[in-house]
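**Student:**
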Amino acid sequence: MADSTLSKYDQDFAHAMELKLRLNREARSRRADLIKRHGEFRLGIAEETCKDHPGLTLEEALEMMEAFGF
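So the sequence shown is numbered by the working numbering: it starts at 28 and just counts up by one.
(1) Could you spell out the range, first to last residue, of the alpha helix (DSSP H) harbouring F40?
(2) At a cut-off of 6 Å, is G96 close to the ligand ATP when judged by its beta-carbon and the heavy atoms of the ligand?
(3) State yes or no: is the C-beta of L61 within less than 7 Å of the C-beta of L70?
(4) Quick check: the Cα distance between M91 and R52, rounded to an integer number of angstroms?
(5) Assign L83 to one of three DSSP states: helix, strand, or coil.
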């Protein structure tokens, strides 16, 4: 269906869904890359640590774990 036949609401909804799907794909890809580089066990620990420390990013947590030999 061409965009011209959709209402403005439907066009906006379609664009929002397209964006959401793209962001979800990127997030899954990023997580898969982190698992490949750091392992699922370490990533899980870093994710839980980030939940307890809201200002901490996942990358910072993983770097700190590596710096301390974990």
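Where is the CB? At the ideal position from N, CA and C, for every residue including glycine. All values reported here derive from a predicted model rather than from experimental measurement.
**Tutor:** From the atom records:
(1) In the DSSP assignment, F40 falls within the alpha helix (DSSP H) that extends over K35 to H65.
(2) The ligand ATP is not part of the structure shown, which contains no ligands of any sort.
(3) yes
(4) Roughly 27 Å separates the two Cα atoms.
(5) Coil.
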